[in-house]
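**Q** Numbering (the numbering used here), first residue to last: 2 to 573.
Below is one structure. I have some questions about it.
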């Protein structure tokens, strides 16, 4: 029996309505139909900020945050507070820092937050509020940690807004935690057991509890130690993960884009990279291991071809090459692509040295004591190297805007600081960091909160770390000021002398005094910015015949605490 035409039409219409309902359900709520959750957001990673600094007291500042894993709902935070954020693409978001944020000198911790599912909080990048200077002047304080320190990292482990230190030591197989006081000094060390022969430390929230944890490469043990943080500056006992032979370096990133932090570990003797995928509870599983060139030494991560997936770059000490491994986004990586650098490359860092939004590389070469700068093309390849002398070698380097001019610079331990010109080139080496011994490490951080980025050095031979703060320097004041003879009771004409802050940090004028038959007026305010000067006019009025002496004393925050000018005249 045939179905009447009107019933066929009714069934057809009913089917179309049901089909439309299913399509809407699939688009609006797929879990209603198949029970599947939406894919997780990746964990975000910050590589650099543009600009990385601004002068205080200005208007709102729009800052581009470059990295990987950004999504349309990513939020940029300034010292933990949300700021207006605009999504550009998976490698770039922008945020507005208000005039109240940048009103006074200081350094802000900038992070990116991706919402659940997956997601999480990125690593921390520093944004400096400071006036630009032509030079960087550093003064060191040393802290004894013992047992041959070889590496370190700075982060706020106890959540008080002050940078703390984690220092890895070779012979005691420990990490020392030094909690910062916020003035460039640190409390007594607290040691935590790791594996044998600590060679690098990285920071991340590996169990997603909002507290910073540590991952440590143990060279002799062939393991990575995970120390989960308690959020108060203390850490739980280590958990060890076997990797390759002689792990030398490691880096944190979300390599399979599941919102959980992973690790990539360079194994020096087995010539491999181990990819450890995080489980989200502080444990890891081995995803894959792939080969490298001769003697791989140091590793970094960034999205070098801007496809939204993290890639790896590592230096090979025995082959004068940087190897690039492009990520597939699932925890695996493509074949290596090599780019030439100097002889015996030891360390590598990434930044945007020419302001084009593409990741560049800086490599320190032990063989000829140079830094190789390779500018990124943006497709995973790099232009030929340009080299700069460093005077000495380094096992790591600090990339930061040390002089506050909005351009990234390179600190290379004893090699001092190479100030960036913003076009991918660098000025001649700046001041050499002082202190005896074999300092093998350079890392940036604002350890006294003044808005100027400082340098941490680790001294392997002296069992010491050096915290090199940017400091003020008093220049221009003479040691002695002589006046021509004057009749007793008559005043001389004022003699003008100038005091200039020739350092790179704020000079605090804490007091001015003068003794003897002398008086002064001055144009000095309580603070003097780097590069600025103020004037004194000193007058001699002898109260008796003969030689008359006095002292003009300026109390300040320079290392000595004061500067004196000896005054001399003769009464007739």
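By construction, the Cβ of each residue, glycine as well, lies at the ideal position given by its N, Cα and C atoms.
Please read all numbers here as calculations on a predicted model, not as lab measurements.
Contact check, residue 401 vs residue 350 under 8 Å by CB: the rounded distance?
**A** Incorrect: roughly 10 Å between the Cβ atoms, too far for contact.
**Q** Quick one, which of 77, 55, 263 and 252 has its alpha-carbon nearest residue 103's?
**A** Among 77, 55, 263 and 252, the Cα nearest to that of residue 103 is on 55.
**Q** Helix, strand or coil: which one does DSSP assign to residue 525?
**A** Here residue 525 carries a coil assignment [DSSP, helix/strand/coil].
**Q** Below 8 Å on the Cβ atoms is my contact criterion, and I expect residue 68 with residue 82 to pass it. Report the Cβ-Cβ distance as a whole number of Å.
**A** No, residue 68 and residue 82 are not in contact; Cβ-Cβ is about 19 Å, not under 8 Å.
**Q** Take every Cβ of the segment 148 to 159, pair it with every Cβ of the segment 89 to 107, and state whether three or more of those distances are shorter than 8 Å.
**A** no
**Q** Compare the C-alpha of residue 508 against each of 427, 531, 242 and 209 and name the closest.
**A** Closest by alpha carbon: 531.
**Q** Identify, in the order they occur along the chain, each residue of the same chain with its Cβ nearer than 7 Å to the Cβ of residue 435, setting aside the five sequence neighbours on each side.
**A** For residue 435, the predicted model reports a pLDDT of 48, less than 50, meaning its position is unreliable; a value from the coordinates is still stated below. So the qualifying residues of the chain are 141.
**Q** Under 8 Å by Cβ, that's how I've got residue 222 and residue 228 pegged, so tell me the actual separation to the nearest angstrom.
**A** About 14 Å; that fails the 8 Å criterion.
**Q** Who are residue 337's beta bridge partners in DSSP?
**A** 326
**Q** Rounding to the nearest angstrom, what Cα-Cα distance links residue 108 and residue 79 in this structure?
**A** 10 Å
**Q** Should the segment 445 to 461 be called in touch with the segment 160 to 173, which here means at least 3 C-beta pairs below 8 Å?
**A** yes
**Q** If we ignore side chains and look at the alpha-carbon of each, how far apart do residue 191 and residue 417 end up?
**A** 30 Å
**Q** Tell me the DSSP bridge mates of residue 279?
**A** 285
**Q** Excluding the 5 residues flanking residue 326 on each side, which residues of the same chain have their C-beta closer than 7 Å to its C-beta?
**A** 312, 313, 334, 335 and 337
**Q** Looking at the unbroken beta strand (DSSP E) that takes in residue 261, where does it start and where does it end?
**A** Element bounds for residue 261: n/a, residue is neither H nor E.
**Q** The beta strand (DSSP E) that contains residue 314, what's its start and end?
**A** 312 to 317
**Q** Are the Cβ atoms of residue 247 and residue 218 separated by less than 7 Å?
**A** It is not a contact, given that the beta carbons lie outside the stated cut-off.
**Q** Where residue 513 and residue 500 are concerned, what is the direct C-alpha to C-alpha distance, given to the nearest angstrom?
**A** 12 Å
**Q** Evaluate residue 352 with the Cβ neighbour count: other Cβ atoms within 10 Å of its Cβ, from every protein chain shown; 16 or more gives buried, anything less gives exposed.
**A** buried
**Q** Taking the continuous beta strand (DSSP E) assigned at residue 346, which residues delimit it?
**A** 346 to 352
**Q** Taking Cβ to Cβ, would you say residue 403 is nearer than 7 Å to residue 482?
**A** no
**Q** Does the ligand ADP have a heavy atom nearer than 6 Å to the CB of residue 388?
**A** Absence of the ligand ADP is noted for the structure shown, with no ligands found whatsoever.
**Q** Please state the DSSP three-state secondary structure of residue 172.
**A** coil
**Q** Pick from 564, 244 and 251: whose alpha carbon is nearest that of residue 474?
**A** Nearest C-alpha to residue 474 among 564, 244 and 251: 564.
**Q** How do the segment 117 to 124 and the segment 249 to 260 stand: do at least 3 beta-carbon pairs fall below 8 Å, yes or no?
**A** yes
**Q** Would you say residue 554 faces chain C, with C-beta separation under 7 Å as the test?
**A** No chain C is part of this structure, which consists of one protein chain only.
**Q** When burial is assigned at 16 or more other CB atoms within 10 Å of the CB, is residue 547 buried or exposed?
**A** exposed
**Q** Residues in its own chain within less than 7 Å of residue 380 by CB, not counting five upstream and five downstream?
**A** These residues qualify, in order along the chain: 306.
**Q** Do the CB positions of residue 540 and residue 516 come within less than 7 Å of each other?
**A** no
**Q** Going by beta-carbon coordinates alone, are residue 114 and residue 128 separated by less than 7 Å?
**A** no
**Q** Drop a sphere of 10 angstroms on the beta-carbon of residue 287, count the other beta-carbons inside from all chains shown, and report buried for 16 or more, exposed for fewer.
**A** exposed
**Q** So which of 299, 144, 477 and 545 has the shortest CA-CA distance to residue 487?
**A** 545
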